[in-house]
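Participant: Its first residue numbered 104, the sequence shown is counted upward by one per residue in my numbering.
Glycine is no exception: its CB is placed at the ideal position from the N, C-alpha and C atoms.
Every value quoted in this text rests on a predicted model; they were computed, and no experiment measured them.
Got a structure for you, questions after.
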Amino acid sequence: MSRSVKTIGISLGAGLLGVILSIPPFSLDLQEHLGLKLLFHLRGTRRPASEVIIVTLDRESVEALNLPTKTQRWPRTLHAQLVQTLSRQGATAIIFDLLFDEAHDVDVDNAFVAAVGASENVVLCESIRQDKIPITDSSGQYLADLNIETLVPPIPPLARSALALAPFPLPKVPIQLSQFWMFKAGAGNLPTLPVVAFFIYASSHYDSFYHLFNEVRPDSDPALLPHWDEIVIQRGVEETLIAFREIFNREPSIAQEMLNQIESRGSNLLDTTERKMLTGLIRMFQSENSRYLNFYGPAGTFNTLSYHKALSVRDCSGNTKGDSTATGFEGKIVFVGLSENLRPQRQDGYHTVFSQKNGVDISGVEIAATAFANLLEDRPLTPLKWPMHLFIVFAFGLFLGFICFSLPMGVATVSVIVIGVLYLSIALICFNTQALWIPVVIPLFFLLPLALLGTVVCRYCIAAKEREVIRKAFGYFLPDPVIDQLSKNIGDINANSKVVYGICLYTDAQQYTTLSEAMEPKELSQFMNRYYEKLFVPVKKCGGIVSDVVGDSMMAIWAKSNPDASLRAAACHAALGIVQAIKVFNRENEQIKLHTRIGMHAGHILIGNIGAVDHYEYRPVGDIVNTASRMESMNKHLGTQILVSDQVLHLLDGFMTRELGKFLLFGKSNPVVIYELLGYIKEMNMEQHQLCHSFEEGLNAYRQKSWDGAMDAFARTLSIYRADGPSIFYKKRCEGFKQHPPDENWDGTVVMGQK
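Take a look at the structure:
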């Protein structure tokens with residue numbers, strides 16, 4: 104294959120890798136949590152719309168007005184006074200991001216109701232209560248949970264007096280908040296607080312919007328879409344928003360037709376403000392149910408006034424009583440809500456890209472103001488359409504692959520870094536000027552380093568190709584690590600020996616002696632080669648090394664510097680793979696069958712080149728090897744196929760095993776707890792689980808010298824599987840101990856007097 108073909112192939116591979124990495128759900132999480140955070144912080148704080156003012160219920164107001172820290176207990180006469188003050192100062196709309204769903208003193212509530220009703224520009228917040236109702240079938244069996252969302256409005260007098268009611272649901276979970284609901288589909292497609300606020304703020308342009316809509320759709324029902332005066336009288340803001348939303352959803356072309364009408368009229372017929380408001384209303388109705396928040400900065404970025412100072416404003420110029428602080432409310436929209444420094448345990452704060460290290464998050468009222476300001480500016484954060492997103496990632500990966508594999512390594516490295524800086528700069532410019540969100544995480548944090556790493560790896564592979572031919576020849580006789588060591592220093596062969604943590608797997612074939620007597624040497628050799636071919640595949644597949652093959656026995660090892668659960672799991676997978684491979688082998692050789700027994704033990708071993716003069720063998724040495732061999736022999740006594748020690752199974756999950764007891768193996772001085780490896784838990788049936796449970800009961804009774812109880816349990820096991828070797832083994836021992844009980848200090852250990 105020519106170098107140019109390789110370069111094209113690798114370039115396409117890099118592009119496709121970027122596409123593949125972009126598809127999983129975690130990719131979007133990374134883009135939001137890392138990519139957005141990076142872009143927002145590189146951009147920095149942006150000045151929010153001057154039309155927005157936040158009045159906060161903060162600690163300063165608590166101290167100045169001698170109020171309780173729980174804002175629900177603040178007298179609502181203060182809210183009435185605030186509404187009157189803001190209305191008198193010319194505020195266009197007053198948005199309360201507070202809940203008033205509990206009644207207080209009637210006179211106090213009535214004062215607030217009167218102020219809200221008189222102002223005719225107050226929006227109150229509804230909460231959404233989520234209830235989970237379990238669903239069951241006819242038998243009472245649990246099936247699933249039904250999530251029901253219920254709107255909880257303010258107390259009825261307040262609800263009737265407010266110009267509009269709206270929820271503002273936000274996820275209160277430990278994740279980064281990036282989006283807000285425009286219309287809450289789960290709650291009947293209701294408009295949320297920012298949408299209602301913008302609709303009311305743009306009310307002076309509603310008639311123009313209404314006439315423009317009728318020009319595009321003259322056949323619309325006027326009863327469903329009233330004029331603004333009728334909306335105010337009927338308190339029909341929410342119904343009107345829902346009606347327009349349904350029409351725009353039903354006929355998406357309306358939005359573009361209205362935008363075309365605005366464009367055709369030009370600046371002579373429509374001033375800048377009216378064009379902006381009309382366009383904002385149209386895009387609001389045609390948008391998705393949710394939008395990404397285009398944050399302006401950390402907490403406190405908006406023009407914010409303490410509650411007690413807002414109460415003391417006297418005139419439109421913003422002069423206050425005894426205070427130099429000034430603000431003007433005329434023509435402004437005012438959001439009223441909790442301050443970060445007053446929330447108990449910061450329960451109303453939301454983790455965003457601008458959350459600070461000291462734990463200060465952006466409050467709910469600031470998020471509502473942010474969403475409104477985005478609508479007002481018609482500048483929401485807009486991610487690329489999915490096809491364009493994938494195309495850019497693919498093109499970036501394609502270009503990186505081409506650069507990396509067509510240029511010298513040093514030049515390619517510098518070029519890739521420059522390309523990364525340019526890409527980030529372009530993404531930041533688009534983010535700053537157009538609020539366009541171009542993906543940066545996958546291209547810069549995945550594709551770029553992977554392209555460099557891939558280049559190094561690929562060039563190394565090409566350089567090592569010749570050596571691999573020699574390695575392959577040696578690989579039939581030695582494991583790869585030994586070949587690597589010999590390739591560096593063939594004269595220092597004894598230096599390869601070292602103590603490691605290893606798992607030793609020992610196999611033995613039944614009836615091999617009979618088989619060797621019945622076959623000619625050549626025929627036997629061919630037969631055993633086919634047999635070992637089946638055994639070696641699972642061992643190699645699971646990362647093991649075949650260390651020794653003698654007659655009908657094989658020894659395989661898995662070794663690392665330190666104990667590793669994944670290494671022991673690999674050995675168990677190999678053992679189960681050998682069992683399946685031998686089943687296939689025996690089916691292929693129906694007349695001659697070899698049943699294979701396996702023993703496994705784990706611990707520290709010496710592994711290396713063992714020998715002298717001119718003959719060496721690479722093999723493990725130590726008690727672990729001997730114990731594995733003894734455990735393999737135990738299969739004959741227990742009627743089992745795979746026996747493993749507790750050291751092998753430590754901290755392993757997913758395997759179906761049963762403890763067979765503690766055994767002092769022949770010729771050993773320390774007992775070993777032995778388990779039978781049966782298979783994978785997910786593949787076991789109920790009968791096998793019952794067998795293991797009954798055997799466990801029998802083994803526990805055996806250890807407690809309850810011979811009758813143990814024999815009953817083993818009898819239950821044998822009723823499930825009458826050829827269960829361990830149950831037969833222990834049942835016989837119980838019968839013997841019943842006649843000749845063991846010593847007082849007997850701890851249940853089985854002492855084996857033979858292999």
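DSSP three-state label for His-740, please.
Facilitator: As a working note, residue 740 is residue 637 in the sequence shown. His-740: helix per DSSP, three-state reduction.
Participant: Which of the three DSSP states is assigned to Gly-646 in this structure?
Facilitator: Residue numbering aside, residue 646 sits at position 543 when the sequence shown is read from its first letter. Three-state result, Gly-646: coil.
Participant: If you reduce the DSSP assignment to three classes, tell me which class Ala-265 lands in.
Facilitator: Translated into positions along the sequence shown, residue 265 becomes position 162. It is coil, neither helix nor strand.
Participant: Report the three-state DSSP secondary structure of Gln-359 (helix, strand or coil).
Facilitator: Looking up residue 359 in the sequence shown gives position 256. Gln-359 falls in the helix class under three-state DSSP.
Participant: Could you tell me whether the stretch 404 to 419 touches the stretch 186 to 196, where touching means 3 or more Cβ pairs closer than 8 Å?
Facilitator: Verdict: yes, contact present.
Participant: Going by alpha carbons, who is nearest to Ile-231 out of Leu-293, Pro-260 and Asp-210?
Facilitator: Here the question's residue 231 lines up with position 128 in the sequence shown. When only C-alpha atoms are compared, the closest one is Leu-293.
Participant: Under three-state DSSP, which class holds Leu-119?
Facilitator: Working through the sequence shown from its first residue, we reach residue 119 at position 16. If DSSP states are grouped into helix, strand and coil, Leu-119 belongs with the helices.
Participant: State the Cα-Cα distance for the pair Gly-647 and Ser-390, rounded to the nearest angstrom.
Facilitator: For the purposes of this step, residue 647 is taken as residue 544 along the sequence shown, with counting starting at 1. For the purposes of this step, residue 390 is taken as residue 287 along the sequence shown, with counting starting at 1. Whole-angstrom Cα-Cα distance: 58 Å.
Participant: Since Ile-487 and Ile-541 should fall inside the 8 Å C-beta cutoff, what is the C-beta to C-beta distance between them, to a whole number of angstroms?
Facilitator: Residue numbering aside, residue 487 sits at position 384 when the sequence shown is read from its first letter. Residue numbering aside, residue 541 sits at position 438 when the sequence shown is read from its first letter. Contrary to the premise, residue 487 reads as Leu rather than Ile in this sequence. Contact holds; Cβ gap of about 6 Å.
Participant: Considering Trp-661, what are the terminal residues of the alpha helix (DSSP H) in which it resides?
Facilitator: Your numbering for residue 661 matches position 558 in the sequence shown. No alpha helix (DSSP H) contains Trp-661, which is instead part of the beta strand (DSSP E) from 656 to 663.
Participant: For Glu-735, collect the residues of the same chain with a Cβ closer than 6 Å to its Cβ; drop the 5 residues on either side in sequence, then sort them by chain order.
Facilitator: For the purposes of this step, residue 735 is taken as residue 632 along the sequence shown, with counting starting at 1. The residues are Tyr-609, Asp-611, Arg-700 and Gly-702.
Participant: Please look up how many angstroms separate the CB atoms of Gly-725 and His-698, rounded, as I've assumed it's under 8 Å.
Facilitator: Along the sequence shown, one-based indexing puts residue 725 at 622. Along the sequence shown, one-based indexing puts residue 698 at 595. So it is not a contact: roughly 28 Å between Cβ atoms.
Participant: Ends of the beta strand (DSSP E) at Met-882?
Facilitator: Shown here, the chain extends from 104 to 858; a query on residue 882 therefore has no answer.
Participant: Could you say if the stretch 131 to 138 and the stretch 380 to 389 meet the contact criterion of at least three C-beta pairs nearer than 8 Å?
Facilitator: At 8 Å Cβ cutoff, the stretches do not touch.
Participant: Can you tell me whether Trp-849 is buried or exposed? The criterion is at least 16 other CB atoms within 10 Å of its CB, across all chains shown.
Facilitator: Counting from one through the sequence shown, the residue named residue 849 turns up at place 746. That one is exposed.
Participant: State the CB to CB distance for the pair Phe-53 and Leu-741, rounded to an integer number of angstroms; the pair is presumed to be in contact (CB under 8 Å).
Facilitator: This structure gives no information on residue 53, because the portion of the chain shown stretches from 104 to 858.
Participant: Less than 8 Å between C-beta atoms, sequence neighbours within five positions excluded: which residues of the same chain meet that for Pro-171?
Facilitator: The sequence position of residue 171 within the sequence shown is 68, counting from 1. The answer, listed in chain order, is Val-165 and Trp-177.
Participant: Take Leu-315 and list the residues in its own chain whose beta-carbon comes closer than 8 Å to its own, dropping the five residues that flank it on each side.
Facilitator: Locating residue 315 in the sequence shown gives position 212, counting from the first residue. Cβ neighbours of Leu-315 beyond the five flanking positions: Met-361, Gln-364, Ile-365 and Leu-381.
Participant: Identify the continuous beta strand (DSSP E) that holds Thr-610 and give its terminal residues.
Facilitator: As a position in the sequence shown, residue 610 is number 507, starting the count at 1. Run containing Thr-610: 601 to 612, per the beta strand (DSSP E) assignment.
Participant: So for Asp-248, helix, strand or coil by DSSP?
Facilitator: As a first step, residue 248 is located in the sequence shown; it is residue number 145 there, counting from the start. DSSP places Asp-248 in strand when its eight states are reduced to three.
Participant: Rounded to whole angstroms, how far is the Cβ of Leu-859 from the Cβ of Leu-531, which I believe are closer than 8 Å?
Facilitator: An answer regarding residue 859 cannot be provided, because it is not within the stretch 104 to 858 covered by the chain.
Participant: Can you check whether the CB of Pro-270 is closer than 8 Å to the CB of Glu-229?
Facilitator: By 1-based counting over the sequence shown, the position of residue 229 is 126. By 1-based counting over the sequence shown, the position of residue 270 is 167. Yes; because the gap between Cβ atoms is below 8 Å, this pair is in contact.
Participant: Unbroken alpha helix (DSSP H) runs of length 4 or more, entirely within the stretch 152 to 240: which are they?
Facilitator: Qualifying alpha helix (DSSP H) stretches, in chain order: 162 to 168, 179 to 191 and 209 to 222.
Participant: Whole angstroms is fine: what's the gap from Arg-162's alpha carbon to Leu-441's?
Facilitator: The residue you call residue 162 lines up with position 59 of the sequence shown. The residue you call residue 441 lines up with position 338 of the sequence shown. Answer to the nearest angstrom: the Cα atoms are 10 Å apart.
Participant: In terms of DSSP beta bridges, what is Ile-436 paired with?
Facilitator: Here residue 436 refers to the residue found at position 333 of the sequence shown. Ile-436 pairs with Val-155 and Ala-196.
Participant: For Ile-156, which of Ile-357, Tyr-615 and Ala-471 has the nearest alpha-carbon?
Facilitator: Here residue 156 refers to the residue found at position 53 of the sequence shown. It is Ala-471 whose Cα lies nearest to the Cα of Ile-156.
Participant: Identify whether Arg-449 lies in helix, strand or coil by the three-state DSSP scheme.
Facilitator: Numbered from 1 along the sequence shown, position 346 holds the residue referred to as residue 449. Low confidence applies here, because Arg-449 scores a pLDDT of 45, under 50, leaving its location unreliable; read the following figure in that light. Residue state, collapsed to three classes: helix.
Participant: Helix, strand or coil for Arg-394 per DSSP?
Facilitator: Taking the sequence shown and counting its residues from 1, one reaches residue 394 at position 291. Looking at Arg-394 - three-state DSSP - the assignment turns out to be strand.
Participant: My guess is that Val-158 and Tyr-410 are in contact by the Cβ rule of under 8 Å, so how many angstroms apart are they, rounded?
Facilitator: Translated into positions along the sequence shown, residue 158 becomes position 55. Translated into positions along the sequence shown, residue 410 becomes position 307. 6 Å between Cβ atoms; contact.
Participant: Thr-820: which of Ile-545, Ile-111, Gln-793 and Gly-812 sits nearest, CA to CA?
Facilitator: Translated into positions along the sequence shown, residue 820 becomes position 717. When only C-alpha atoms are compared, the closest one is Gln-793.
Participant: With a Cβ-Cβ cutoff of 8 Å, do Gly-500 and Leu-131 count as a contact?
Facilitator: Taking the first residue of the sequence shown as 1, we reach residue 500 at position 397. Taking the first residue of the sequence shown as 1, we reach residue 131 at position 28. No, the Cβ-Cβ distance between Gly-500 and Leu-131 is not below 8 Å.
Participant: In whole angstroms, give me the CA-to-CA distance for Ala-429 and Ser-153.
Facilitator: What you label residue 429 is simply residue 326 of the sequence shown in a count that begins at 1. What you label residue 153 is simply residue 50 of the sequence shown in a count that begins at 1. Bear in mind that the predicted position of Ala-429 carries a pLDDT of just 43, short of 50, making it too unreliable to give a figure here.
Participant: What residues in its chain sit with their C-beta under 7 Å from that of Ser-619, if we drop five residues either side in the sequence?
Facilitator: By 1-based counting over the sequence shown, the position of residue 619 is 516. Leu-627.
Participant: So what's Pro-546 in DSSP terms, helix, strand or just coil?
Facilitator: What you label residue 546 is simply residue 443 of the sequence shown in a count that begins at 1. Helix, per DSSP.
Participant: Can you give the beta carbon distance from Ser-664 to Tyr-604, rounded, assuming they're within the 8 Å contact cut?
Facilitator: Walking along the sequence shown from the start, residue 664 turns up at place 561. Walking along the sequence shown from the start, residue 604 turns up at place 501. That pair is a contact at about 7 Å.
Participant: Can you tell me whether Ile-685 is buried or exposed, with buried defined as 16 or more other CB within 10 angstroms of its CB?
Facilitator: What you label residue 685 is simply residue 582 of the sequence shown in a count that begins at 1. Under this definition Ile-685 is a buried residue.
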